[in-house]
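So the number in my numbering is just where the residue sits in the sequence shown, counting from 1, plus 4. Yeah, the Cβ is synthetic: ideal placement off N, Cα and C, and Gly gets one too.
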Amino acid sequence: MKYHFHPEAEAELNETVKYYDGCQEGLGLEFAKEVHATIENICQFPLAWTPLSHNTRRCLLKRFPYGVVYQSKGDHIIIIAVMQLNRKPDYWRKRKA
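In structure tokens form, the structure reads like this:
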């Protein structure tokens with residue numbers, strides 16, 4: 005299954021990688037790898053994670069306090085947000101897939 009990022013979700017990913025790299029060298033890369041591993045799991049099992057609305061779900065990362073919010077549309081996944089879990093939970097709802 006293919007996937008692509010909403011532009012704001014891609015910006016969130018890049019900002020978070022930069023933040024973690026500032027905390028510790030190489031940590032941003034580890035974060036990015038975990039996000040991409042999570043997306044691979046989503047692509048294999050798109051209906052396996054917590055529903056947030058009719059067609060939107062969230063899969064949590066294992067090591068970092070983040071979740072990947074996504075929608076499954078036919079044969080592809082749209083990453084709506086790479087959200088920090090202690091942020092306002094519905095901030096991403098205004099984004100159109």
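Going straight from the alpha carbon of residue 99 to that of residue 84, what length do you get?
-> 7 Å
In terms of residues, what are the limits of the alpha helix (DSSP H) holding residue 26?
-> Looking at the DSSP string, the run of the alpha helix (DSSP H) that includes residue 26 is 11-27.
Would you give the residue range spanned by the alpha helix (DSSP H) that residue 37 belongs to?
-> 31-48
So what's residue 62 in DSSP terms, helix, strand or just coil?
-> strand
Evaluate residue 10 with the Cβ neighbour count: other Cβ atoms within 10 Å of its Cβ, from every protein chain shown; 16 or more gives buried, anything less gives exposed.
-> buried
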